[in-house]
Amino acid sequence: MIHLAGIERIFRVGGEEVHALRAIDLEIGQGEYLSIMGPSGSGKSSLLNIIGLLDRPNAGRYTLDGRDVTGLSDDEQARVRREKIGFVFQFFHLVPRLTAAQNIELPMVLAGIAPEERQGRIARLLADYGLEERAGHRPDQLSGGQCQRVAIARAMAMQPEVILADEPTGNLDRHTGQEVMQLLEGVHRAGGTLAVVTHDPEIGARAARRLRMIDGAIHSDERGDQRG
Amino acid sequence: MRSADLVEFAWRVVRGYRSRTLLILLAMGIGVAAVIAVSSIGEGARLYVVNQFGALGTHLVIVLPGRSETAGSMPGVLIGETPRDLTLDDALALKRSPSVRRLAPLIVGAGDVRAGALSREAPVLGSTAELMAIRHMSLAQGRFLPAGDPRLAQPVCVIGAKLADELFGPRAVLGEWLRIGDRRFRVVGVLAAQGQSLGFNTDEIVIVPVAAAQALFNTEALFRILVEAKSREQIVPAQTDIEEILRVRHEGKRDVTVITQDAVLATFDRILRALTLAVGGLAAISLAVAGILIMNVMLISVTQRRAEIGLLRAIGATGRQIRLAFLTEAVLLALGGAALGLAAGKLGQVVIGQIVPSVPFTAPWWALVAAPLTAIVTSVLFAVMPARRAARLDPVQALSKR
């Protein structure tokens with residue numbers, strides 16, 4: 453469903469060109485669970501941003517669900533993000549003045565979904581992620597793990613086909629990180645496509661398919677369960 | 026995105042940043058209140074003048090001796106030749122015009138008014154019975170000057186309320202005699218207290234028959250003739266008739282000035298309206314300042330909320346939605362500021378009205394509409410730039426910085 457061909461991404465930092473992604477060819481099937489690993493600056497996040505349509509490649513072609521999305525306008529890309537992609541970030545990125553429930557509601561508000569429908573979905577998501585007690589709390593009243601659970605619930609609000617997680621456990625202790633990973637893997641088990649960027653080998657090893665990136669290129673692409 | 030959701034989103038932002046919101050509300054409020062208060066002072070002054078003129082009489086045409094060749098200077102004062110006097114017969118001749126309803130000749134002087142041992146200097150008006158109707162005077166007691174041949178110098182007078190009090194105290198006034206100069210007059214009426222009317226306090230005057238005043242001041246010359254036209258439409262024909270009658274009576278010389286109250290009033294009205302607009306406009310500058318403040322605060326807000334904007338982009342907000350969110354926020358702030366300003370302006374108007382009760386302070390309708398509208402328009406205009414900046418933010422960069 454995700455097909456990248458010859459993707460290049462070049463940043464200009466000062467007068468210097470930084471090749472963030474070089475000639476990336478990647479095919480991700482429906483329902484795959486994939487981890488992207490590699491040292492800092494190897495282009496993991498850049499790749500995720502391209503897949504998530506937050507960034508545009510300098511060259512190459514990106515096909516999502518059979519549709520070429522490379523040349524779409526900003527607003528069309530926004531619509532694709534809204535319908536098909538859910539993001540989970542290292543720093544949660546919850547809106548501080550909104551409650552947990554309101555944060556979860558946000559994508560549905562942007563999509564113009566009717567309020568009654570939204571309330572039903574929020575209730576279900578709060579229940580699914582064990583947040584019923586925390587619905588009316590603001591992010592500063594929540595623990596890191598709870599914040600990330602709100603963020604996952606928010607990413608799931610529009611029932612996207614793809615979940616992109618950029619260092620989802622990077623800001624959490626080991627135990628909470630494990631919990632969060634189990635929640636994300638639950639999404640995958642339910643049929644969603646999950647891509648996780650991490651530099652924690654233990655987290656990366658959980659995925660069925662493991663990409664390793666070095667210097668903006670895919671260094672290795674392993675499949676199969678590694679867990680003993 | 027539904028518009029109700031858009032408003033709710035903006036409303037939460039407005040509530041979320043309290044001090045920022047208060048600051049903007051204050052700036053907008055002061056701007057709007059200033060426009061309203063200042064323009065209501067201007068409008069109050071205008072209405073005050075209009076009312077004062079109204080109290081002088083309606084459909085009034087005033088005949089003055091002498092011809093004013095240059096506008097603004099008093100006729101007969103600045104020109105070299107002495108104009109021919111206006112006489113009582115001139116005044117009576119004006120009754121021939123079909124456009125004239127009534128008229129009152131007027132002689133004005135000052136006299137030493139004495140009653141018993143008490144004495145004081147007071148303005149003395151010589152006129153006829155019709156003066157009361159023309160000048161909308163009302164009596165507290167007794168009757169006005171008797172109708173009849175104005176050439177008869179009957180020894181009667183009507184006095185102002187304050188003068189009556191000062192000369193006679195609590196005693197009955199009607200039927201009492203008083204002396205003006207070397208003549209005696211019987212008080213037949215007392216004017217109702219009316220107060221100041223364009224610099225002339227009717228509470229302190231003595232009104233005597235015009236012929237008596239002529240004798241008293243030893244002059245034939247009238248100070249002016251007050252003419253009331255039959256209707257508003259008859260003012261101009263009356264003016265023409267008067268000029269013609271007097272020209273014929275004065276051997277073909279146009280040596281009187283005929284002014285209409287409406288012309289004077291219209292001039293005052295125009296000047297004061299322009300003045301109100303001008304000061305209102307000055308106050309509106311504070312609205313522009315408030316607009317710039319909104320722009321500043323919004324720009325800071327865009328920087329502070331970079332991560333949020335990036336997140337909104339990531340979860341599917343279009344650039345248009347981001348722009349709309351910021352503009353809606355500006356509109357909400359402007360509406361709040363305008364409401365606050367309207368309330369404060371109204372309050373200020375009431376307070377000023379308490380301090381100066383004689384002037385009818387009211388904000389003109391155009392200020393009530395223009396001030397909030399200007400507030401909203403400026404704040405939206407000044408929010409456009411920050412909103413566009415927010416919408417153009419690169420989501421990757423916005424999200425990468427904490």
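Chains A and B, in that order, give the protein sequences.
Here the working numbering is used: the first sequence runs in plain steps of one and ends on residue 680.
Here the working numbering is used: the second sequence runs in plain steps of one and ends on residue 427.
We put the CB at the ideal spot given by N, CA and C, even for glycine.
Remember, predicted model here, so these are calculated numbers, not experimental data.
With a cut-off of 8 Å on Cβ pairs, the segment 270 to 277 of chain B is not in contact with the segment 360 to 376 of chain B, counting fewer than three such pairs. Contact between B:T153 and B:E245 does not hold, since the beta-carbon distance rounds to 16 Å and is not under 8 Å. Here the alpha carbon of B:A80 sits roughly 28 Å from the alpha carbon of B:A303. For the segment 325 to 359 of chain B, the residues whose beta carbon sits under 8 Å from a beta carbon of chain A are, in order, A332, E333, G335, L336, L337, R338, A339, I340, G341, A342, T343, G344, R345 and Q346. For the C-beta of A:G564, the chain B residues within less than 8 Å are, from N- to C-terminus, M26, R27 and D30.
For A:I480, the uninterrupted beta strand (DSSP E) run begins and ends at E468 to I480, by DSSP. Here A:D520 carries a strand assignment [DSSP, helix/strand/coil].
The beta-carbon of B:P385 is placed no less than 8 Å from the nearest beta-carbon of chain A.
Any Cβ of chain A closer than 8 Å to the Cβ of B:L418 would place that residue at the interface, and such an atom is absent.
Here A:I488 is near A:L500, since their CB atoms are less than 8 Å apart. Within the same chain, T551 come within 6 Å of A:R590 by CB-CB distance, once the 5 residues on both sides are set aside. The segment 488 to 498 of chain A and the segment 513 to 533 of chain A do not touch, with fewer than three beta-carbon pairs separated by less than 8 Å. In terms of Cα proximity to A:G656, the closest of A:M453, A:I604 and A:Y485 is A:Y485. A contact is defined here as three or more CB-CB pairs under 8 Å, and the segment 255 to 271 of chain B fails this definition with respect to the segment 195 to 209 of chain B.
Note that the C-beta distance between B:A165 and B:A140 is not below 8 Å. Every beta strand (DSSP E) of 3 residues or more that sits fully in the segment 280 to 345 of chain B is shown, in chain order, as 281 to 285. Look at the beta carbons and you see the segment 35 to 52 of chain B not touching the segment 288 to 296 of chain B: under three pairs across the two are nearer than 8 Å. B:T353 sits buried, since 16 or more C-beta atoms from the chains shown fall within 10 Å of its C-beta. Contact between the segment 121 to 134 of chain B and the segment 228 to 238 of chain B is present: three or more C-beta pairs spanning the two stretches fall below 8 Å. The beta carbon of A:A472 sits no closer than 8 Å to any beta carbon of chain B. When 9 Å is used as the limit between beta carbons, A:V561 is near these residues of chain B: M26, R27, D30, L31, E33 and F34, in chain order.
Boundaries for A:Y581: no beta strand (DSSP E) harbours it, and the DSSP string shows neither H nor E there. Short of 6 Å from the beta carbon of A:D673, and not among the five residues preceding or following it, lie these beta carbons of its own chain, in chain order: L663.
Interface residue (Cβ-Cβ distance to chain B less than 8 Å): A:D517 is not classified as such. Between the segment 608 to 623 of chain A and the segment 538 to 545 of chain A there are three or more inter-stretch CB-CB distances shorter than 8 Å, so the stretches are counted as touching. Put simply, the CB of A:V614 is far from chain B, with every gap to its CB atoms at 8 Å or more.
Near chain A, meaning a CB-to-CB distance below 8 Å, no residue of the segment 391 to 414 of chain B qualifies. Membership of A:Y485 in the beta strand (DSSP E) is indicated by the continuous run Y485 to M489. Residue contact check for B:R37 against chain A: a CB pair falls below 8 Å.
Not a single C-beta of chain A is nearer than 8 Å to the C-beta of B:V60. A straight-line Cα-Cα distance of about 8 Å links B:Y73 and B:S383. Taking 8 Å as the cut-off, the beta carbon of B:V125 is found no closer than this to the beta carbon of B:L290. Under the DSSP assignment, A:A642 falls outside any alpha helix (DSSP H); it carries neither an H nor an E label. Here B:K278 is exposed, its C-beta having fewer than 16 other C-beta atoms within 10 Å. Listed along the chain, the chain A residues whose CB falls inside 9 Å of the CB of B:V421 are S497, S498, N501, L506 and D507. Annotation: A:F463 to B:Q422 spans about 12 Å, alpha carbon to alpha carbon.
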